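Chemist: Numbering (this note's numbering), first residue to last: 136 to 487.
Every residue gets a Cβ at the ideal spot worked out from N, C-alpha and C, and that includes glycine.
Computed from a prediction, not measured in an experiment: that's the story for all the values here.
Please see the structure below; I have some questions.
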Amino acid sequence: MKKVLFLFCCVILIACNENRSTKDIATDNSENTADKDSIQNFGIVIHGGAGTILKENMSDSLQQAYKIKLEEAIKAGHSILAEGGTAVMAVQKAINVMEDSPLFNSARGAVFTNEEKNELDASIMDGNTLNAGAVAGVTNVKNPINLAYEVMVNSEHVMLSGKGAEQFASERGLEIVEPEYFYTEERYRAMERARERMNASNKTAYFDPYVNDEKFGTVGCVALDKQGNLAAGTSTGGMSNKKYNRIGDSPIIGAGTYANNKTVAISSTGWGEFFIRGVIAYDISAMMEYKGATLKQAAAEVIQQKLPKLGGNGGIIGIDNKGNMVMEFNTAGMYRASMNKNGTLNIGMFKN
Ligand code: ASP
């Protein structure tokens with residue numbers, strides 16, 4: 136009898152192992168699943184860019200317009216989480232709302248390059264599987280975050296760029312638009328001003344930290360879902376008057392976007408070159424993973440100490456696997472909003 140039982144167990148074990156596909160093995164990050172305390176917790180944070188956002192420079196009606204759009208975006212993501220949807224879905228949805236608005240430097244309201252084009256970058260990461268997708272320099276995709284998602288789930292790659300990325304977008308049936316769709320008078324004029332300043336200064340660089348604030352306005356979202364999974368995403372037009380097919384941090388996993396169920400989900404905004412050099416999003420996660428820092432401590436150290444020391448400015452939003460949230464920036468302001476599982480909504484633009 137014992138022998139029969141032993142043989143039966145062996146057969147079951149072998150059968151189970153065979154059912155486990157290569158894909159399962161490749162993406163299994165179950166060790167990273169958040170602990171049980173957070174399972175029913177969920178929350179979402181968004182940003183619409185950091186920079187010289189000052190109350191005295193903004194009309195009441197413009198402030199109101201930003202508030203309305205931020206609220207619409209965060210509620211769109213929050214309702215997905217409340218209904219049990221995934222963090223990845225919530226991130227994508229919230230970003231779509233901001234991508235479709237001319238208020239933000241992302242898709243519809245993207246900044247112009249020195250050659251008067253709009254080149255869009257985006258990335259998304261799933262903290263459960265550590266899978267990620269990113270696109271850089273696309274010019275005709277209505278919602279670049281959707282293309283980043285397609286790269287993540289329907290390709291063997293992590294990052295696609297330019298014409299190839301656009302071809303992949305068509306093949307995946309994403310919405311393609313004419314370049315005029317991205318035209319906004321305000322962004323065009325901002326690029327002209329930046330271009331004039333650059334020409335007058337005889338510099339080859341398009342940026343100047345003291346005068347060129349038109350570079351800010353990226354959008355991003357981080358979320359924790361009811362299953363305890365984290366996700367992060369970022370979408371941008373990059374920096375106004377950029378040249379040479381410059382690519383910033385937003386589509387770089389670890390710099391502009393990072394998510395890991397073990398620690399945190401982060402989306403960055405600011406002067407991209409410094410976020411790339413400081414590997415800012417991953418650095419916050421690494422401090423939490425290896426040093427045992429809290430999200431609050433790690434975000435403050437990286438954004439208030441490390442980034443300015445490098446010479447950079449900007450901010451991040453983050454949510455950890457317990458649902459703790461941060462919105463940390465070293466600029467005058469950052470468009471931002473957060474919503475926890477109770478539906479408590481916080482919207483901010485200025486420092487205080
Ligand atoms: N980080 C973006 C970039 O450098 C710009 C921004 O966040 O406003 O492309």
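So, is S194 buried or exposed, given that buried needs 16 or more other C-beta atoms within 10 angstroms?
Modeler: Taking the sequence shown and counting its residues from 1, the one referred to as residue 194 is at position 59. So S194 ends up on the exposed side.
Chemist: Classify E306: buried if its beta carbon has 16 or more other beta carbons within 10 angstroms, exposed otherwise.
Modeler: The residue you call residue 306 lines up with position 171 of the sequence shown. Looking at its Cβ environment, which holds fewer than 16 other Cβ atoms inside 10 Å, E306 is exposed.
Chemist: Measuring only the C-alpha atoms, how far is T274 from G297?
Modeler: As a first step, residue 274 is located in the sequence shown; it is residue number 139 there, counting from the start. As a first step, residue 297 is located in the sequence shown; it is residue number 162 there, counting from the start. So the alpha carbons of these two residues sit roughly 8 Å apart.
Chemist: Check whether the Cβ of G449 lies closer than 7 Å to any heavy atom of the ligand ASP, and answer yes or no.
Modeler: Your numbering for residue 449 matches position 314 in the sequence shown. Yes, the ligand ASP has a heavy atom inside 7 Å of this Cβ.
Chemist: Give the straight-line distance between the Cα atoms of I179 and V223, rounded to the nearest whole angstrom.
Modeler: Translated into positions along the sequence shown, residue 179 becomes position 44. Translated into positions along the sequence shown, residue 223 becomes position 88. Cα to Cα, the separation comes out at about 11 Å.
Chemist: Would you list the one or two residues that DSSP bridges to R471?
Modeler: Taking the sequence shown and counting its residues from 1, one reaches residue 471 at position 336. In the DSSP output, where bridge partners are listed per residue, R471 has H182, G483.
Chemist: May I ask you to check if the CB of S402 is nearer than 7 Å to at least one heavy atom of the ligand ASP?
Modeler: Against the sequence shown, residue 402 aligns to sequence position 267. No, the Cβ of S402 stays beyond 7 Å of every heavy atom of the ligand ASP.
Chemist: Answer yes if the segment 374 to 383 comes into contact with the segment 394 to 402, meaning at least three C-beta pairs across the two stretches below 8 Å, and no otherwise.
Modeler: Result no; under three Cβ-Cβ pairs closer than 8 Å.
Chemist: Is any non-hydrogen atom of the ligand ASP found closer than 7 Å to the C-beta of M374, if you look at the structure I gave you?
Modeler: If you number the sequence shown from 1, residue 374 lands on position 239. Indeed, a heavy atom of the ligand ASP lies less than 7 Å from the Cβ.
Chemist: Using the Cβ count rule (16 or more neighbours within 10 Å means buried), how would you classify K228?
Modeler: Here residue 228 is taken as the residue at index 93 of the sequence shown, counted from 1. Answer is buried; the Cβ neighbour count reaches 16.
Chemist: Under the three-state reduction of DSSP, which class applies to N281: helix, strand or coil?
Modeler: The count along the sequence shown starts at 1 and reaches residue 281 at position 146. Reduced to three states, the DSSP call for N281 is helix.
Chemist: For I215, collect the residues of the same chain with a Cβ closer than 7 Å to its Cβ; drop the 5 residues on either side in sequence, then sort them by chain order.
Modeler: Within the sequence shown, the letter at position 80 stands for residue 215. Result list for I215: M224, A225, K228, in chain order.
Chemist: Could you say if the segment 322 to 329 and the segment 416 to 426 meet the contact criterion of at least three C-beta pairs nearer than 8 Å?
Modeler: With the cut-off at 8 Å, the segment 322 to 329 and the segment 416 to 426 do not touch.
Chemist: Is G272 near the ligand ASP, judged by its Cβ being under 7 Å from some heavy atom?
Modeler: Here residue 272 refers to the residue found at position 137 when the sequence shown is read from its first residue. For the ligand ASP, not one heavy atom lies less than 7 Å from the Cβ of G272.
Chemist: Could you tell me which of L282, E315, Y318 sits nearest to F303, measuring between CA atoms?
Modeler: Within the sequence shown, numbered from 1, the residue matching residue 303 stands at position 168. Of L282, E315, Y318, the residue nearest in Cα terms is L282.
Chemist: What is the DSSP secondary structure of Y393, counted as helix, strand or coil?
Modeler: Within the sequence shown, the letter at position 258 stands for residue 393. Residue state, collapsed to three classes: strand.
Chemist: Does the contact criterion of 3 or more C-beta pairs under 8 Å hold for the segment 467 to 482 versus the segment 437 to 444?
Modeler: No: the two stretches stay apart, fewer than three of their Cβ pairs being nearer than 8 Å.
Chemist: Using a Cβ-Cβ cut-off of 6 Å (strictly less than) and excluding sequence neighbours within five positions of G483, which residues of its own chain qualify?
Modeler: Against the sequence shown, residue 483 aligns to sequence position 348. Excluding sequence neighbours, G483 sits near R471.
Chemist: Based on the DSSP secondary-structure assignment, which residues constitute the bridge partners of E463?
Modeler: As a working mapping, residue 463 is identified with position 328 in the sequence shown. In DSSP, E463 forms a bridge with I451.
Chemist: I need the boundaries of the alpha helix (DSSP H) containing V414, first residue and last residue.
Modeler: Working through the sequence shown from its first residue, we reach residue 414 at position 279. Taken as a continuous stretch (DSSP letters only), V414 belongs to no alpha helix (DSSP H), as it is neither H nor E.
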